Amino acid sequence: MRIAVVGSGYVGLVAGACFADLGHEVVLVDNDVRKLAALKNGEVPIHEKFLPELFDRHRGHRLTFSDNLRESVRASVAIFIAVGTPPTERGEADLSYVESVAREITGAVDDYKVIIEKSTVPVYTSEWIRKIILRNGADPDSFDVASNPEFLREGTAVTDFLFPDRIVVGCDSERAAEVLREIYAPLTSGTYYRHPDAIPQPDRTSIPAPIIVTSTKSAELIKHASNAFLAMKISFINAVASMCESVGADVNQVCHGIGSDSRIGPRFLNPGIGYGGSCFPKDVLAFRAVARECGYDFRLLDEVMRINEDQRDRFVRKVRSALWTLRGKSLGVLGLAFKGGTDDIRESPAILILQLLLQEGCKITAYDPAAMERAQEVLHSTVKFANSSYEAAHGADALLILTEWEEFANLDLARLRDELKYPIVIDGRNLYDPEMMAANGFTYYSVGRAAARVETPPAAAMRNSAKKA
Ligand code: UDX
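Each residue of the sequence shown is one higher than the one before, starting from 5 at the first, in my numbering.
If you want it as structure tokens, here you go:
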């Protein structure tokens, strides 16, 4: 199948490379010529496992790049729109890029084409795309508009694409549904997985991938509702974690207890410093706005957002309660990315917490395995950057863990204790067992669990801090 993917952002890059791996002829279209030149040169602009391999495998063969939208559309049967839908000031999704692509492709709709929304868009967007294309003179029988939402997580986007829980295809005509079924046939029939070069199957996935065919409106709602539900699950467990802190219960035990109910399930029940990233904050806000526009007052979503913001303030209060005053305190910070496994700092709760602590007059040395370059662009010289976790901890009054990177869960605790001025760890991601931390000489605070304190004899503590000073 000849496919055009319009927009080389996160979704476009991953979808384009994966479609090529499924055997399709893909042209990735973008109007940013510098970005295209870098892609042609073999540069992959995002940190994503398996993506460089897929680019190496298909670049210049089944995966080409172009800034000529019309020509690319003319040469393709399926056109995926994967351009950005950033939030407006009122929280709605800004659909102007989607609209301008729809307008521009009209002249190239010369033969039957399926135009597919892949960007996260509000319900009714497909109807609008259809109207715009018709308004600009296309023959109504020459195209269909479909919705094929993406459920990719950053860091595992390639395997999420190739080993999905489900493929959702929203079409209002059987002809369009057939085109989409054919595109995904290697996954739904399982032929892709038998290929010797197939990307290896991750744990907890089942193959072949099921496909769910719905109306376009239902597919549009599935995407927003899925993200809002997951964000709600995180805010729910964060609220429960706050209750655990108030009554002295352990949120891990509570999660185990509730997550064992198969109707609830254990995933996405990790309490922490709240959700961030380019999707959840934007999508919950946009879904709230869509609901309002459709006449439904979805106040539950306001509460999901409020709990999420509150989680960051609670963490800062926790730092204050551990250190008494904050002005002039030196803090080591582990983690800047919005979650582990990515260099993305968009809406990162770690960065938002850092900014609150800087306002309080803290001095910060931060380390992140992948996100320091991007963080530097927003934090400038307000923060010092370290080359390792231990360097970030060196001489600090306390160490803060803000991103769930695997390497932060496997630190050499004796070395860490030696680096810190005071052995205090405030963990926003619950990476360690409190008792084990106390046994290793740390005072340890986490989320939804009682603080674990090590009682240091005053004389020894004074000797220790004198030595380190
Ligand atoms: C999310 C959705 O998972 C994905 O389906 C959609 O297509 C895009 O948005 P992503 O933003 O990459 O993916 O990250 P995800 O792994 O979902 O994490 C989002 C945020 O929630 C992160 O800040 C993460 O740290 C936080 N999180 C996640 C929790 O705090 N607790 C959890 O249990 C899970």
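Each residue gets a CB set at the ideal place from its N, CA and C atoms; glycine is no exception.
Just so it is clear, the structure is predicted and the values come from calculations on it, not from any experiment.
- Looking at the DSSP output, Thr-68 bridges to Val-31.
- Linking Leu-73 to Glu-186 through their CA atoms gives a straight-line distance of about 23 Å.
- Between the C-alpha atoms of Leu-338 and Val-429 there is a straight-line separation of about 11 Å.
- Ranked by Cα distance from Leu-67, the first of Ile-50, Phe-54, Lys-44 and Leu-166 is Lys-44.
- By the CB criterion at 8 Å, Pro-126 and Leu-26 fall outside the cutoff.
- Counting the other Cβ atoms within 10 Å of the Cβ of Phe-233 gives fewer than 16, which makes it exposed.
- Non-local C-beta neighbours of Leu-55 in its own chain, meaning closer than 8 Å and more than five positions away in sequence, comprise Leu-17, Val-18, Ala-21, Val-48, Ala-161 and Val-162, ordered along the chain.
- Setting aside the 5 residues that flank it on each side, Arg-324 is surrounded in the same chain by Leu-330, each with a C-beta closer than 7 Å to its C-beta; the list follows chain order.
- In the DSSP annotation of this structure, the continuous segment of the beta strand (DSSP E) that includes Asp-148 starts and ends at 147-151.
- In this chain, Glu-121 is not harboured by any alpha helix (DSSP H); it is covered by the beta strand (DSSP E) spanning 117-121.
- Beta-bridge analysis with DSSP links Arg-63 to Leu-67.
- If you keep only unbroken alpha helix (DSSP H) runs of at least 4 residues inside the region 338-421, you get 353-363, 376-383 and 393-397.
- Contact between Pro-275 and Val-451 holds, since their C-beta atoms are separated by about 5 Å, short of 8 Å.
- For Ile-7, the enclosing beta strand (DSSP E) starts and ends at 6-10.
- Less than 8 Å divides the Cβ of Tyr-116 from the Cβ of Phe-147.
- Shortest gap from the CB of Asn-231 to any heavy atom of the ligand UDX: under 7 Å.
- Distances taken from the Cβ of Glu-408 to the heavy atoms of the ligand UDX include one shorter than 7 Å.
- Residue side-chain check: Asn-274 places its Cβ nearer than 7 Å to a non-hydrogen atom of the ligand UDX.
- Between the alpha carbons of Trp-409 and Ser-264 lies a gap of roughly 25 Å.
- Contact between Leu-403 and Gly-445 does not hold, since their C-beta atoms are separated by about 13 Å, which reaches or exceeds 8 Å.
- Nearest to Phe-412 by alpha-carbon distance, out of Thr-386, Glu-75, Ala-142 and Ala-397, is Ala-397.
- Within the same chain, Cβ atoms closer than 8 Å to the Cβ of Val-320 are found at Ile-357, Leu-360, Leu-361 and Glu-364, the five residues on either side in sequence being excluded.
- Spatial neighbours of Met-441 in its own chain (CB-CB distance under 7 Å, excluding positions within 5 residues in sequence) are listed in chain order as Val-429, Tyr-448 and Ala-456.
- Taking non-hydrogen atoms of the ligand UDX into account, the C-beta of Cys-283 is found less than 7 Å away from one of them.
- DSSP places Thr-218 in the uninterrupted beta strand (DSSP E) bounded by 215-218.
- For Tyr-101, the enclosing alpha helix (DSSP H) has its first and last residue at 100-109.
- Within the DSSP bridge table, the entry for Pro-91 names Ala-97 as partners.
- At least one heavy atom of the ligand UDX is found less than 7 Å from the C-beta of Arg-157.
- Assigned with DSSP and collapsed to three states, Val-251 falls in helix.
- Beta-bridge pairing by DSSP links Ser-334 to Lys-367.
- Ile-109 has its Cβ no nearer than 7 Å to any heavy atom of the ligand UDX.
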